[in-house]
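Enquirer: Taking mature numbering (1 follows the signal peptide of the UniProt record, and there is no 0), I'd label the letters of the sequence shown as residues -24 to -1, 1 to 193. Below is a structure I'd like to ask you about.
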Amino acid sequence: MKTLLLKSFVLVALITFTSCGDKAKEAETTKAAEAAKAEATAVNYKVDTENSTIEWKGFKPTGEHFGTIAIQEGKLQATDGELAAGKFIIDMNSIEVLDIPADDESHAKLTGHLKSADFFEVEKFSTSNFEMTGISTKDGQTMLSGNLTLKDATNNVTFPVTVDNKGETITLTSETFTIDRSKWNVKYGSKSFFSDLGDKFINDDIELKVVVKATKA
């Protein structure tokens, strides 16, 4: 019996460790910074909303949910072929849950909950936005920094990206990264705000992957 219990404990610990290790790295998060400004000679690119999206994933002790959010509009600017500035608007009404079938009643329930005041309060804050503040290279990776506004809070986040400039189009693709939702006052089920949740909490980490494709204006 002791051997069985020990094996069970080791298995649970291994699964827990592996799950934590699989989570994407949190974006460096600081106070909002001054937006990047492109030179007057910069080439303007209009965001192709049909081919741009944000993938999200949220976690709780009993599992995870994932889906997408649409980009409503935006533009990128390049100088000498290098990304110099940009901003895009996120349509919070477009939050979509993909891990639950659309005809399952829990699909509508979760979607509505995410849009409610418990989470992103979409009725009041129908859009969010990201505005570039800088781009740099660190350890061989291209790092994009920008002010991310969710609800009534703005923080500067830095995460790794690839930028593919083909002349007529620019595609900006982030690596998967996480943000800590508590820093944007998304409080529901967060142990950062409530101490009596037991195992009913929802992780503060939200995984994101951003793909923005833009065409020369």
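Ideal Cβ placement from N, Cα and C applies to all residues, glycine included.
Would you tell me roughly how many angstroms separate the C-alpha atoms of VAL188 and ASP180, rounded to the nearest one?
Expert: VAL188 and ASP180: Cα-Cα distance of roughly 25 Å.
Enquirer: Residues in its own chain within less than 7 Å of LEU74 by CB, not counting five upstream and five downstream?
Expert: Closer than 7 Å at the Cβ level, and outside the excluded window around LEU74, lie PHE42, GLY43, THR44.
Enquirer: Pop quiz: ALA60 and ALA16 are said to be a contact at Cβ under 8 Å. What is the actual Cβ separation, rounded to whole angstroms?
Expert: No, ALA60 and ALA16 are not in contact; Cβ-Cβ is about 11 Å, not under 8 Å.
Enquirer: By the 10 Å Cβ neighbour count, where 16 or more other Cβ atoms means buried, how is PHE135 classified, buried or exposed?
Expert: Burial call: buried.
Enquirer: For the pair the segment 76 to 84 and the segment 50 to 57, tell me if three or more CB-CB distances fall below 8 Å.
Expert: These segments do not touch.
Enquirer: What residues match up with VAL162 in a beta bridge as DSSP calls it?
Expert: Partner(s): none; VAL162 has no beta bridge.
Enquirer: Quick one: which unbroken beta strand (DSSP E) runs of 3-plus residues sit fully inside the segment 33 to 97? Chain order, please.
Expert: Counting whole runs of 3 or more residues, the segment 33 to 97 contains the beta strand (DSSP E) stretches 39 to 55, 58 to 73.
Enquirer: Just the Cα atoms here: how many angstroms apart are ALA190 and PHE106?
Expert: Approximately 15 Å between the Cα atoms of the pair.
Enquirer: So, under 8 Å CB-CB, GLY62 and MET108 are touching, yes? Tell me the CB distance rounded to an integer number of Å.
Expert: Between MET108 and GLY62 the Cβ distance is about 5 Å, and since that is below 8 Å, they are a contact.
Enquirer: Which residue's Cα is closest to the Cα of GLU144: THR154, VAL19, PHE169?
Expert: Nearest option by C-alpha distance: VAL19.
Enquirer: Using the Cα positions of PHE177 and SER168, report the straight-line distance between them to the nearest angstrom.
Expert: The alpha-carbon atoms of PHE177 and SER168 are separated by roughly 10 Å.
Enquirer: Are ASN132 and SER150 close, meaning C-beta to C-beta below 8 Å?
Expert: No; because the gap between Cβ atoms is not below 8 Å, this pair is not in contact.
Enquirer: For SER104, count neighbouring Cβ atoms within 10 angstroms of its own Cβ and tell me buried if that reaches 16, exposed if not.
Expert: Its Cβ being crowded by 16 or more others within 10 Å, SER104 is buried.
Enquirer: Please determine, among THR29, ASP94, PHE95, the residue with the shortest C-alpha to C-alpha distance to ASP67.
Expert: Of THR29, ASP94, PHE95, the residue nearest in Cα terms is THR29.
Enquirer: Check whether the Cβ atoms of LYS33 and GLU183 sit closer than 8 Å, and answer yes or no.
Expert: It is a contact, given that the beta carbons lie within the stated cut-off.
Enquirer: Going straight from the alpha carbon of residue 197 to that of GLU31, what length do you get?
Expert: Residue 197 lies beyond the range of the chain shown here (-24 to 193); nothing can be said about it.
Enquirer: Only counting the same chain, and skipping five residues up and downstream in sequence, which positions put a Cβ closer than 6 Å to that of SER166?
Expert: Correct list, in chain order: SER158, ASP180.
Enquirer: For a quick check, are the C-beta atoms of ASP156 and THR147 less than 8 Å apart?
Expert: Not in contact: ASP156 and THR147 (Cβ atoms no closer than 8 Å).
Enquirer: Between which two residues does the beta strand (DSSP E) carrying ALA190 extend?
Expert: 181 to 192 is the extent of the beta strand (DSSP E) around ALA190.
Enquirer: At the level of alpha carbons, what is the spacing between LEU90 and ALA46?
Expert: So the alpha carbons of these two residues sit roughly 15 Å apart.
Enquirer: So if DSSP puts ASN132 in a beta bridge, which residue, or which two residues, is it bridged to?
Expert: DSSP, once it has assigned bridges, lists THR6, ASN123 as partnering ASN132.
Enquirer: Looking at THR125: is its Cβ nearer than 8 Å to the Cβ of VAL137?
Expert: Result no, Cβ atoms of THR125 and VAL137 do not sit closer than 8 Å.
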